[in-house]
Structures are given as C-alpha cells and as structure tokens.
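Numbering (the working numbering), first residue to last: 70 to 488. Quick reminder that beta carbons are idealized off the backbone N, C-alpha and C, glycines included. Given the structure is predicted, the values throughout are model-derived calculations rather than measurements.
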Amino acid sequence: MKVKLKRKSCFKQHYLYQNVRPMLVVRALMDLRHQPLYKGVEIDEEWYSHVTNYIQAITEETELLVSEESDKSDNDEPVNPGTIDTMVENGDYVSFAPGEGMRPLSILIDDHAEEKAFPNLFGGHPRKLKDPLKNYSKVIRSELLNSDRRFAADTPNLFFKCKVFVHKQISSNVQIIMRKNKKENLRASDVANSENLTRMIDGDQGYRLLHNIQNSPSHLAAIRKNTFAMVRQLGHPTIFLTISPSESSWSDLLKILYKLRHKIEISDKDALNLPYAEKSNLIRDDPVCATYFDQRFRALFKLIKNKNGIFKEHPVYHYFYRVEYQHRGSPHVHMILWLVNAPQFDPTKPEKTFDACVTLINKYIQCMVSKDSPAYAYSKSKQTHRHTHTCYRSAKDKETNNCRFNIPYPPMKETFIAL
Ligand SMILES: [Zn+2]
Numbered sequence: 070m071k072v073k074l075k076r077k078s079c080f081k082q083h084y085l086y087q088n089v090r091p092m093l094v095v096r097a098l099m100d101l102r103h104q105p106l107y108k109g110v111e112i113d114e115e116w117y118s119h120v121t122n123y124i125q126a127i128t129e130e131t132e133l134l135v136s137e138e139s140d141k142s143d144n145d146e147p148v149n150p151g152t153i154d155t156m157v158e159n160g161d162y163v164s165f166a167p168g169e170g171m172r173p174l175s176i177l178i179d180d181h182a183e184e185k186a187f188p189n190l191f192g193g194h195p196r197k198l199k200d201p202l203k204n205y206s207k208v209i210r211s212e213l214l215n216s217d218r219r220f221a222a223d224t225p226n227l228f229f230k231c232k233v234f235v236h237k238q239i240s241s242n243v244q245i246i247m248r249k250n251k252k253e254n255l256r257a258s259d260v261a262n263s264e265n266l267t268r269m270i271d272g273d274q275g276y277r278l279l280h281n282i283q284n285s286p287s288h289l290a291a292i293r294k295n296t297f298a299m300v301r302q303l304g305h306p307t308i309f310l311t312i313s314p315s316e317s318s319w320s321d322l323l324k325i326l327y328k329l330r331h332k333i334e335i336s337d338k339d340a341l342n343l344p345y346a347e348k349s350n351l352i353r354d355d356p357v358c359a360t361y362f363d364q365r366f367r368a369l370f371k372l373i374k375n376k377n378g379i380f381k382e383h384p385v386y387h388y389f390y391r392v393e394y395q396h397r398g399s400p401h402v403h404m405i406l407w408l409v410n411a412p413q414f415d416p417t418k419p420e421k422t423f424d425a426c427v428t429l430i431n432k433y434i435q436c437m438v439s440k441d442s443p444a445y446a447y448s449k450s451k452q453t454h455r456h457t458h459t460c461y462r463s464a465k466d467k468e469t470n471n472c473r474f475n476i477p478y479p480p481m482k483e484t485f486i487a488l
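In structure tokens form, the structure reads like this:
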C-alpha cells in the first residue's frame, strides 16, 4: 500500500512517500500502545475497521493473482518493497497530513522527541536518564559507540542527533550573547525596534554566535584568519601533506566491522579477501567508522610530530590541518607543516637558496621506488595517480584524456623548483 505523508493535506507535494505493509503497521501500533511513551493512545475503531477491510480486499486480490501463477512463488522471504517498487505509477495511494493544525514543539523542549520519532530504535521506551538533553553529547557517544550498531546504522537518526546537537549549541550561544549585551532581559519587542536591531546587526552578533559551530561561515573565517596569521608570522610552510584513508585495505577495521555485523571473528587474510562489494557495504553501513580514521590519523600525526620520528633532523614546530569529506563519504586530511631549520626559497636570490631547498626536498620526497623495496607494492597501488572523474573538467577532456593535473609527468633526472 502506497502512503504519502504531507505537511498540509492541500499541498500537492508530499514530505514522505513510501510503500508500507498495513498489517505490520497495525501490529506495531497494537504493540506500541502498551509501551510507556504511548500509554493512553487510542486507535480509531472506524479507521481500524476500514484498514482491515482494505487489507482483506487486497489479500483476496493477491491470492487470486498468486493462484494464477502459483508455480512462480517459491520465495519464502517477505517482499519488502522500497520507496517505489514499480516503474509504473498508477496513482493509487493514501495521503494524509498527520501534523496539520498542530503546534510543533521545539526539539529542545520536547524531552522525548527522539524516542517518539524513532520507535524502531526505542520501541516506545523513554531514555532512562533524567535529563538526556543536558548531557546530550555523552548520550550520543554512548548510543553511537555501542556494540549494538542499530543507532549507528540508522542514518536519519544520526542526522536527528546532529540537528539537536547543533540546535543546543546555537541556543546556548544565543543566551550568552544576550547576557553580554543587555543588562535587563531582552524581549521580542526590543528586536522589533529597528534601532535596537541595527545595533545588534552592526555588532555582528548574529554572525558571531556561530563561531563555535563547526563549518559555519563564522567558524571557517576564524580558522582562515588564524592560518594567514601563522603564515605571516612563521613564513612559508615547508610541507603540504594530504592523507587519505584506504579502508578497503585496512584489515583491522574490516575485522571489527565484520565482527559487529556477523558476530564472527575472521582472520586478517579473510578480511582482505572479502569481495569489494562486501567491504564497501561494511564500511558504508557504519558511518561511525569515520572515528576509526580519526584515531588512526592521530596516531600517525603523533609520529609526524615526534622529535625522533619521521622529521628527525627538521622537527615539526607548527602545523595546521583540516579534515574534509569527499562526497559526504570518505574523510581526508590536508595539512601544512613548518619544520625547524627549513631553508626558505627566495626567487630573487635563487643561487643562494636553491641547493639547500633541493637537498631538503630530496631528503623527504621520492618519486622512485626500487622493485625490491617492501614499499614497492604499496606505492604502486596507493601512491600512483589513477585518472578519475575529477581529472576531467569536460566531456571533451575525457575524450582526449586531458587530465587537469597534467599527469603523467615527463621523467626528470634531477629535482628542480618550478615557478
Ligand atoms: Zn588524472
């Protein structure tokens, strides 16, 4: 049965549209009625008899159909239709607007909004904590890192949590700014007064209150200013690094994900030999495994910063990095490092600075790897450029194989600095 949920019944557009199995919905309702959050909820008898009649009619219809082609049905699994299970739309659907005419409660006021919005996760039970919104970040952490992955695998719930979290941050920022600017309580009428409003806009208060919200324009502007200040103070950074994960070849991660999903431990070799489709399913279905990349990156970064680590003779004394996500998926880090005693290239006096810079480059960057080296296989599979769609700006580029990074580069006998 096709169901469309609308914001208002007069709207043409729906908000949600899915196929549902009515009997399952009714059974879930019957069950939820006995749970604490749904106590006192009554089922409309008229609606119920209507639904049962409707289902009966459908079942009889399908039984007729099934008996006609009964030889085909040896599939015991219940048919679980997706959003649209056929290309042919017959326009036969039920549509209603459950929230029409109601006054919505803010998700910050309604203590049990999340539990009610996700009966599939909470089963109609409220969280046991007294005031879950007070320690919301702890609640999120505990639910997402739980060995029961139901919360982590539910994408709408992840977004819901994120929304509540950001709402909470913004509302607490608003309160701080209100307290800073006004001796007495600020009322809605104060904001309606254009003089007051202009003063608030001039003080950039609306923009500033986002300063600690990740990836808000105000937050990014602050980071940019800081980085520019670092460049002015410290000079050019020495090294630019990009670090990307290779989840499909991390046997540790695959083993953990496999164990969480199937409750079976597998060996490193089995993990690496999983078919690519299964690996990507494991990784995609658990969005929280981005924290694994974070931990791994931090471990590597410790090694980079360590005085006896990778940059032994030129220890790192300042750095800046930023984590980005490709197509809302894989995270990667862009990083700039300032190294101690690193020579600075001066284009006006190349003869004095060139040699020192080339020595430093040759020390840490190599473009060749010998076939006997243990790094050979790794470099070949992970450090070699492969053309992807980002290489081509237009269809014509793709036809002529015109990579925008101009790769492959012609071989060079020695290092030089191109300006
Ligand atoms: Zn390319």
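Check: Other residues of its chain near L329: CB distance less than 8 Å, five sequence neighbours each side excluded; Outcome: S216, R218 and D355
Check: Cβ shell of L124 (< 7 Å), same chain only, five flanking positions each side left out; Outcome: Residue identity differs from the one stated: residue 124 is Ile in this sequence, not Leu. Result list for I124: P91 and M92, in chain order.
Check: Three-pair Cβ contact test at 8 Å for the region 317-324 versus the region 186-197; Outcome: no
Check: Exercise answer, beta-carbon shell around ligand 1 heavy atoms below 6 Å; Outcome: H454, H456, C460, C472, F474 and I476
Check: Beta-carbon contacts of T484 that lie in its chain and below 7 Å, excluding the five residues immediately before and after; Outcome: V427, I430 and N431
Check: Neighbourhood of H454 by C-beta, 6 Å cutoff - its chain only, sequence neighbours within 5 removed; Outcome: I476
Check: Beta-carbon contacts of P105 that lie in its chain and below 7 Å, excluding the five residues immediately before and after; Outcome: G193, H194 and P195
Check: Where I292 sits in the DSSP three-state scheme; Outcome: helix
Check: Separation of K108 from R248, as counted between CA atoms; Outcome: 41 Å
Check: Paired residues, beta bridge with S164 - DSSP; Outcome: K73
Check: Where the alpha helix (DSSP H) through M92 begins and ends; Outcome: P91 to L101
Check: Cβ-based neighbour list, N281, same chain, cut-off 8 Å, excluding 5 preceding and 5 following; Outcome: Q238, N242 and H288
Check: As assigned by DSSP and simplified to three states, the class of R391; Outcome: strand
Check: Neighbourhood of I245 by C-beta distance below 7 Å, restricted to the same chain and skipping five residues each side; Outcome: none
Check: Pair within 8 Å by beta-carbon distance, L372 and I352; Outcome: no
Check: CA nearest to the CA of T360, picked from L214, H236, H383 and S317; Outcome: L214
Check: Given K232 as reference, the closest of L202, L74 and L98 once Cα atoms are compared; Outcome: L202
Check: Proximity test, P201 beta-carbon vs ligand 2 heavy atom, cut-off 7 Å; Outcome: Although ligand 2 was asked about, the structure shown includes only ligand 1 as ligands.
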